[in-house]
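Okay, so here's the structure we're looking at.
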Amino acid sequence: MHNNLLKIFCFFIFFVSSFSVLSQDKIKFGYHNQSGKVKNIKTKAIEENIEEEKILSIISETLDDYNQRQLDGIDSINDIIDSNIFISEIKDTILVSVLLPLYIERNDTLVNFLRENMEDTNQIYSKSELALDFLEGIMFAIDSLSELQIPIKLQVFDTENNLDTVRKISNSKFVKQSTIVFGPIYSKNFNFFRNKFRADRNKIIINPLSDNQKYLQNSKNVYFLQPSLKQKRDSICLFINKFEKSKDIYFVSLESEDKTLDYNQIKFRLDSVFTEFPVKEFENLSVINKQSFTFLNPDSNLVFVLSEDEVFIKKIVTFIRAIDTNVSIYSSEIITKIKGIDIEDLMRLDIHVPVSNYFDNYSQKNKYLQNKFESIFYHKMNENSRLSFYSILHFCSHQKQYHFTQLFKGGGFINTDVQICTYKDYRLLPIE
């Protein structure tokens, strides 16, 4: 309930800052408190000329304006950015542009329709959810940096996932002057934007979702927050090479997915470890049963699941679990997110998965961080909010959150944070 109330209010602010209404000289950004009432946070008057821009402008400049609000004394942020070391070395105001598909007009239309039909207006356009997740993480980071007296100006643009809109936004004076740009997040829009600004050495362009390496070529100012599939696969192969040499390896896949290329690449990486690489390719889901896995030996097996199909993976887990054999299953991270798969089964099958940007929900530091986030937004911080939160901290402070590598000479950078994890005591934990 509170989650939707917050988002409805965010969109109310977005509405009043759309193309048709840009004469105001002050915008307030607020949160709902637990009673559902709006809790306003004062902001300074916006001095920038925004008559031609479709934006929500949120200025975060000094701690005084925030009255030491909810994030006062947040220990986890001090762990993330050691204020004793950092002090206030960043004196120049950092300009941050956020380009996200908020779909303001569609939400306006939806709310008007619901109101006219006497229906519950506590709803938002479903495609706006992703953008709001990212925006919440960014706002949380801006608040945290304000505690450290880091001066930041933030402007949020609604791209509408429309290339023409992105073109207009890219001509904004603020965007051109920005040091950091978060987004656009969809391929066509991002490709246009990075092509336009690829030569700007004073600009960092962040893409939180893509791992398409072609967008890194000849784009030295582009940063990907998601490790590539190749990096995840290589991490698995390195782990197997080091710890699983004594087991017999088998591959399982679904014929319709055609994982031949993946199979050959993994085989090449493990060729010095194993002499045989048998693969069991299932024609369809209906042929999978307990007898399908009689090829496994009773002692020590390593089963590499090549598929990304959730139903297929669920069947694999179900029927291998029913066999009395010693097995370790290697799969993508998707296996940990499939509804209906019991964690006890994953523990029994010794699941190993490559996890990018691992976040320990059980550590005291992260529990504190989650609680502070929830005290503002009334829901837990999800993966997307964490990505945007840590990326702003990374690029706006001297305490780095990610490890980036440059894949191509003269190209952009990609996050390399991948850890092999397994379940222990019902928790997904990195293997030390």
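So the sequence shown is residues 4 to 435, counted in the working numbering. Ideal Cβ positions, reconstructed from N, Cα and C, are used throughout, including at glycine.
- When C-alpha distances from isoleucine 208 are compared across Ser173, His401, Asn329, the shortest belongs to Ser173.
- DSSP places asparagine 387 in the helix class (H, G or I) of the three-state scheme.
- In the assembly as shown, arginine 204 is an exposed residue. Its beta-carbon has fewer than 16 other beta-carbons within 10 Å.
- Looking at the DSSP output, serine 331 sits in a beta bridge with Leu305.
- The C-alpha of phenylalanine 280 lies about 42 Å from the C-alpha of phenylalanine 137.
- Under the three-state reduction of DSSP output, serine 175 falls in the coil class, being neither helix nor strand.
- Where valine 314 is concerned, the enclosing alpha helix (DSSP H) starts and stops at 313-324.
- Restricted to the segment 107-145, the alpha helix (DSSP H) segments that are unbroken, complete and at least 4 residues in length are 107-119, listed in chain order.
- When beta bridges are read from the DSSP output, isoleucine 209 appears opposite Phe185, Tyr226.
- Residue state for arginine 197 is assigned as helix, using DSSP reduced to three classes.
- Burial state of isoleucine 434 is exposed, judged by a 10 Å Cβ sphere holding fewer than 16 other Cβ atoms.
- Taking 8 Å as the cut-off, the Cβ atoms of proline 187 and serine 394 do not count as close.
- Nearest to leucine 157 by C-alpha distance, out of Leu98, Leu135, Lys206, is Leu98.
- Between asparagine 198 and isoleucine 344, the alpha-carbon positions lie close to 43 Å from each other.
- Counting only runs of at least 4 residues, the segment 223-288 fully encloses the following alpha helix (DSSP H) elements, listed from N- to C-terminal order: 232-246, 263-272.
- Put simply, the backbone Cα of asparagine 267 is about 29 Å away from that of aspartate 348.
- With a threshold of 16 other beta carbon atoms within 10 Å, glycine 140 meets it and is buried.
- In the structure shown, the three-state DSSP call for serine 100 is strand.
- Per DSSP, isoleucine 346 lies in no beta strand (DSSP E); the unbroken alpha helix (DSSP H) holding it starts and ends at 346-351.
- For isoleucine 341 against glutamate 311, the beta-carbon gap comes to about 11 Å, at or over 8 Å, which does not count as contact.
- Closest option to leucine 133, judged by alpha-carbon separation, among Tyr226, Thr263, Ser147, Glu163: Glu163.
- Going by DSSP, tyrosine 426 is part of the beta strand (DSSP E) stretching over 421-427.
- Just measuring C-alpha positions, the residue of Asp428, Phe362, Asp265, Leu102 sitting nearest isoleucine 346 is Asp428.
- At a Cβ-Cβ threshold of 8 Å, lysine 248 and serine 256 do not count as neighbours.
- Residue pairing for proline 433: DSSP places it in a beta bridge opposite Cys424.
- Shown here for valine 169: same chain residues with a beta carbon closer than 8 Å to its own, the five before and five after excluded, namely Leu102, Thr162, Pro187, Asn192, Phe195, Phe196 in chain order.
- From the listed residues Glu122, Phe200, Phe143, the smallest Cα separation to lysine 375 is found for Phe143.
- A Cβ-Cβ distance of about 7 Å is found for the pair valine 308 and tyrosine 333, placing them in contact under the 8 Å criterion.
- Taking C-beta separations shorter than 7 Å and ignoring five residues to either side along the sequence, the partners of serine 131 in its chain run Leu105, Tyr106, Asn110, following chain order.
- With contacts defined by Cβ atoms closer than 8 Å, alanine 325 and lysine 370 do not form a contacting pair.
- If you check the CB distance, aspartate 237 and arginine 272 come in under 8 Å.
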